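Each remark here refers to the structure printed beneath this line.
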Amino acid sequence: MTNRMLTEIPVVYNQLYQTYGCQHWWPAETAFEVMVGAILVQNTAWKNVEKAMLQLEPYLDPVQMFHLPIEKLEQLIRSSGFFRIKARRLHAFLTWFKNYDFKMEQLHCQDTYLLRNQLLAINGIGPETADSILLYALHRPVFVIDAYTRRIFKRLGFDLPKKYQDLRYLFEAALVKDVQLYNEYHALIVQHAKVHCKVKPICPTCPLLDRCEQNVGS
DNA sequence: GTCCCGTAGC
DNA sequence: GCTACTGGAC
Numbered sequence: 016m017t018n019r020m021l022t023e024i025p026v027v028y029n030q031l032y033q034t035y036g037c038q039h040w041w042p043a044e045t046a047f048e049v050m051v052g053a054i055l056v057q058n059t060a061w062k063n064v065e066k067a068m069l070q071l072e073p074y075l076d077p078v079q080m081f082h083l084p085i086e087k088l089e090q091l092i093r094s095s096g097f098f099r100i101k102a103r104r105l106h107a108f109l110t111w112f113k114n115y116d117f118k119m120e121q122l123h124c125q126d127t128y129l130l131r132n133q134l135l136a137i138n139g140i141g142p143e144t145a146d147s148i149l150l151y152a153l154h155r156p157v158f159v160i161d162a163y164t165r166r167i168f169k170r171l172g173f174d175l176p177k178k179y180q181d182l183r184y185l186f187e188a189a190l191v192k193d194v195q196l197y198n199e200y201h202a203l204i205v206q207h208a209k210v211h212c213k214v215k216p217i218c219p220t221c222p223l224l225d226r227c228e229q230n231v232g233s
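Following our numbering, the numbering of the first sequence begins with 16 at its first residue and continues without gaps.
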């Protein structure tokens with residue numbers, strides 16, 4: 016099974032890329048926006064995060080955002096859902112960033128493994144958010160796993176490791192260690208999950224139909 | 001009413 | 001393992 020996955024993971028990438036093309040991720044202007052967006056998008060539709068980002072626009076600077084009262088932050092990000100808890104998560108993240116003088120350059124000096132552990136220690140940042148920040152804001156070669164990844168590959172018929180890290184290592188073992196490839200693949204997975212592999216899948220036009228177990232009868 | 005690029009707390 | 005967290009789009 017694992018062998019099959021190792022050979023098919025790159026093939027699936029090619030098929031998705033041929034179907035959807037380059038995704039140009041992450042949709043943000045700056046690395047700081049990527050980090051903020053990664054927290055706000057937790058279990059939330061990206062569309063609602065966009066509205067919050069618009070409200071945040073005047074404060075899209077770590078120092079300014081850090082000094083916002085938590086209630087103000089709550090109101091600004093309201094549209095992204097879970098606004099009370101996310102405002103606290105953002106603030107916790109900024110408190111950590113303060114250790115680096117709110118400077119991206121200082122983050123760039125740090126080892127990926129160390130950064131990952133520090134991010135995971137922040138209340139409100141779990142493995143997916145940490146890895147999204149590492150890959151899309153800090154350009155580290157870390158493959159991001161999310162619910163879509165599990166849904167798609169489970170439907171393809173793979174017996175997936177249950178632990179986040181194990182699934183991540185499987186993808187990393189199957190692919191060339193390359194930031195741009197990891198960036199594009201995760202983006203394609205999200206796109207595919209939104210267009211075809213939804214909760215109620217749209218199978219007839221699916222680019223992966225020929226290799227999918229959902230295929231039968233639908 | 002259901003679902004959304006999760007996480008923490010019990 | 002289960003549930004709360006929250007609003008908005010469809």
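Cβ atoms here follow ideal geometry from the backbone N, Cα and C, with glycine treated the same way. In this text the structure is predicted, and so the values were computed from the model without any measurement.
If you compare the alpha carbons of Leu83, Ser95, Gln79 with that of Met68, the shortest gap goes to Ser95. In the structure shown, Glu120 falls within a helical segment according to DSSP collapsed to helix, strand and coil.
If you draw a straight line from the Cα of Val157 to the Cα of Phe186, it comes to about 10 Å.
Taking the Cα positions, Asn18 is about 24 Å away from Gln33. Counted as a single uninterrupted DSSP element, the stretch harbouring His211 is not any alpha helix (DSSP H), since DSSP gives it neither H nor E. The residue among Asn114, Cys227, Val205, Tyr115 with its C-alpha nearest the C-alpha of Pro42 is Val205. CA-CA distance, Cys218 to Arg226, rounds to 12 Å. The Cβ neighbour count for Glu72, taken over all protein chains shown within 10 Å, is under 16; the residue is labelled exposed. Under the three-state reduction of DSSP, Val191 is assigned to coil, being neither helix nor strand. If you draw a straight line from the Cα of Asn58 to the Cα of Asn29, it is about 27 Å long.
Looking at Gln195, Thr164, Val191, Ile92, the one whose alpha-carbon comes closest to that of Cys212 is Thr164. For Tyr151, the closest alpha carbon among the candidates Phe173, Ala136, Asn138, Met119 is that of Met119. Of Thr220, Lys215, Ala208, Ser147, the smallest CA-CA separation from Arg183 is found for Ser147. Within the region 127-209, the runs of alpha helix (DSSP H) that reach at least 4 residues and sit entirely inside it are, in chain order, 127-136, 142-147, 162-170, 179-189.
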